[in-house]
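Chemist:
Residue numbers (the working numbering): 137 to 800.
1. State the Cα-Cα distance for the pair residue 583 and residue 517, rounded to the nearest angstrom.
2. In chain order, what residues of the same chain have a beta carbon less than 7 Å from the beta carbon of residue 442, not counting five sequence neighbours either side?
3. Is residue 158 close to chain C? Criterion is C-beta to C-beta, closer than 8 Å.
4. Using 10 angstroms around the beta-carbon of residue 764, count the other beta-carbons present and answer buried if the total reaches 16, otherwise exposed.
5. In three-state terms, what does DSSP make of residue 661?
6. Quick test of the definition: if touching needs 3 or more C-beta pairs under 8 Å, does the stretch 153 to 162 touch the stretch 231 to 250?
7. Nearest CA to the CA of residue 222: which residue from 692, 714, 266?
8. DSSP state of residue 454, grouped into three classes?
9. Could you give the distance in angstroms between the alpha-carbon of residue 728 and the alpha-carbon of residue 641?
10. Quick check on DSSP: helix, strand or coil for residue 789?
11. Which of the three DSSP states, helix, strand or coil, is assigned to residue 544?
12. When DSSP labels each residue in this structure, what does residue 590 get in the three-state scheme?
13. Which residue marks the beginning of the beta strand (DSSP E) containing residue 643, and which one marks its end?
14. According to DSSP, which residues form a beta bridge with residue 345?
15. Measuring straight from C-alpha to C-alpha, what distance separates residue 494 and residue 661?
16. Indicate whether residue 569 and residue 639 have their beta-carbon atoms separated by less than 8 Å.
17. Do the CB positions of residue 629 and residue 433 come within less than 8 Å of each other?
18. Within its chain, find whatever has a CB closer than 6 Å to the CB of residue 805; leave out the 5 residues flanking it on each side and keep chain order.
19. With DSSP as the reference, please indicate the residues paired to residue 264 in a beta bridge.
20. Can you grab the Cα-Cα spacing for the pair residue 315 / residue 367, in whole Å?
21. Measure the C-alpha to C-alpha separation of residue 600 and residue 530 and round it to an integer number of angstroms.
22. Sort 466, 156, 525 by Cα distance to residue 450 and report the nearest one.
23. Just the Cα atoms here: how many angstroms apart are residue 419 and residue 373?
24. List the DSSP bridge partners of residue 152.
25. Could you spell out where the beta strand (DSSP E) holding residue 332 opens and where it closes?
26. My output table needs one value for residue 628: the three-state DSSP class, helix, strand or coil.
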């Protein structure tokens with residue numbers, strides 16, 4: 137067995153459990169390890185010995201979750217994490233909560249990396265009265281999870297979509313199980329080897345299909361998919377290979393030509409899965425005469441089969457935070473200067489940009505251009521056709537009246553004949569950076585165009601745009617992706633943070649604006665309509681402190697970078713400080729501090745720190761002199777390695793005349 141693999145027969149193969157949590161029980165006779173609710177406790181943790189994966193590898197996990205109740209608000213879960221050296225947080229690779237009567241298989245691709253790591257299995261017990269979580273086998277093999285030779289009973293996680301009449305069966309292994317049996321498989325070239333096959337003997341209706349579905353690709357892969365097949369037919373059999381994405385969209389990538397192949401034939405097809413996909417092998421019989429199709433030795437190579445050397449499209453090239461320039465965006469000069477790149481001095485009247493609060497964003501309908509009948513278009517770079525995209529950006533509206541339609545997004549097909557409106561703004565001006573997300577897929581190359589217009593004087597407010605980003609896959613699919621380890625947006629809970637004591641004078645999780653006017657944010661930083669943490673000054677007295685404390689984090693060698701957004705608006709604002717508390721130390725080390733009113737915007741804080749022992753990060757807010765001292769934080773991110781940027785600090789004393797000026 138390769139390192140990290142285990143069948144739990146007589147030992148746990150170097151896997152160790154965490155004594156701070158529930159114990160795992162090894163059942164040598166049943167070949168599994170399990171944890172159940174006979175002990176009181178929340179979870180059990182099992183970690184592997186140190187592992188290296190120089191090459192791409194595949195982790196297969198055979199497991200079962202058994203519970204008595206079907207529906208539970210807090211079900212039992214089995215989670216698999218990767219704990220990389222030098223990281224304070226574990227990366228969640230996979231999580232399951234579906235109870236079953238028999239074992240299930242999960243397949244996960246592990247990308248090659250130079251760092252050593254551990255795999256960590258965590259069984260969360262949930263609220264059910266009786267629950268048991270069992271792991272039968274962990275197997276790490278080099279290669280990709282979509283590869284299979286069908287020699288093992290778990291079939292590499294491939295499943296047949298059950299159909300009353302036609303199905304994929306396992307053939308070979310010296311079983312005479314059908315009249316159209318093949319003499320030999322392809323892997324071992326013997327009667328003992330196994331392969332998959334579909335036979336027409338059982339077909340009742342024409343056009344029935346048998347589907348063999350691969351495990352989902354869990355990491356972006358592109359290259360050459362190859363397999364061996366045999367086809368014996370009296371008349372028309374259609375054998376097709378599809379890709380299916382998470383929204384259920386099918387794309388055909390290969391189909392048999394009509395030539396007979398009574399011997400094992402190699403098929404190769406270019407395969408591109410930038411986001412999670414399944415490969416589906418489908419056989420359809422169009423007549424009663426039938427025949428059979430057999431399949432074996434599916435393999436994958438990260439080099440395209442054809443000589444296509446094209447570099448895969450990098451979606452980062454189609455985004456921009458406008459800090460340096462317009463990136464790959466441009467304007468058509470026929471329209472005149474529609475969008476201006478601007479920056480606002482930090483102040484308490486007008487919000488700054490979304491990226492840091494100190495930087496640049498784009499503004500349309502500025503004082504130079506807002507005459508009625510004016511239009512501004514911003515074109516993005518060309519995007520390849522036939523790929524699913526998710527476009528996200530932030531916009532803010534400033535004006536007096538309802539400004540619906542003043543900002544719209546169009547897709548411009550390259551031949552410039554067709555343009556299609558895919559989004560337009562509906563809401564009234566709030567002056568809050570709000571996130572929009574749009575999924576689209578076009579057959580031909582296209583461009584994204586941001587259009588702002590002003591039909592009559594009354595609609596000519598200001599339209600602001602910032603932090604445009606593009607990712608592969610639909611927005612719903614990217615929402616299903618596992619969160620970045622060490623990131624907390626407070627959208628669902630308080631993540632790794634807890635309060636020293638809860639009460640009126642503690643941190644609160646909130647969405648929307650705070651109850652007191654002229655203090656606190658109007659919306660969160662993540663989406664504009666989500667959650668943030670803040671102190672409610674009207675419940676506190678001058679000088680009272682509220683602490684938000686992280687759980688103990690793993691110490692690592694080398695620098696770490698902590699990024700967060702803070703909001704300190706209100707004439708009576710007090711202090712916000714960040715401390716590092718190392719395990720075993722009495723003293724907390726101050727890392728960062730701001731005093732008094734800073735801005736009406738969310739500002740970005742950056743802290744570089746080091747700790748080789750386990751540590752906690754503490755956010756401390758102190759209420760200021762008046763109730764106008766609601767201090768808030770949002771979007772906390774811990775990253776390994778030094779900070780790549782420095783924080784802008786502008787100390788402003790008093791209110792200079794130029795406070796509300798926009799710099800062009």
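Every residue, glycine too, gets a C-beta built ideally from N, C-alpha and C.
Modeler: The answer reads as follows:
1. Rounded to whole angstroms, residue 583 to residue 517 spans 6 Å at the Cα level.
2. Excluding positions up to five away in sequence, the list reads 406.
3. Of the protein chains in the structure, only one exists, and it is not chain C.
4. The residue is buried, with at least 16 neighbouring Cβ atoms inside 10 Å.
5. Correct three-state label for residue 661: coil.
6. Three or more beta-carbon pairs separated by less than 8 Å are not found between the stretch 153 to 162 and the stretch 231 to 250, which leaves the two stretches without contact.
7. Ranking 692, 714, 266 by Cα distance to residue 222 puts 692 first.
8. The answer is helix: DSSP assigns residue 454 an H, G or I state.
9. The straight-line gap from Cα to Cα measures roughly 22 Å.
10. Note that residue 789 scores 37 on pLDDT, short of 50, meaning its location in the model is unreliable; the coordinates nonetheless yield the value given after this. Correct three-state label for residue 789: coil.
11. Correct three-state label for residue 544: strand.
12. Three-state result, residue 590: strand.
13. From DSSP, the beta strand (DSSP E) with residue 643 extends over 643 to 647.
14. 420.
15. Taking the Cα positions, residue 494 is about 14 Å away from residue 661.
16. No, the pair does not count as a contact, with Cβ atoms beyond the cut-off.
17. Not closer than 8 Å, so no.
18. For the chain, the structure presents residues 137 to 800; residue 805 sits outside this window and is missing.
19. The partner list for residue 264 (beta bridge, DSSP) is empty, contrary to what the question assumes.
20. Model confidence at residue 315 stands at a pLDDT of 44, short of 50, so the residue's coordinates are unreliable; what they give is reported in the following sentence. Distance between the alpha carbons of residue 315 and residue 367 is about 15 Å.
21. If I take the Cα positions, the gap works out to 8 Å.
22. Considering only alpha carbons, the answer is 525.
23. If you take the alpha carbons of residue 419 and residue 373, they lie about 7 Å apart.
24. Paired residue(s): 183.
25. For residue 332, the enclosing beta strand (DSSP E) covers residues 330 to 335.
26. Coil, per DSSP.
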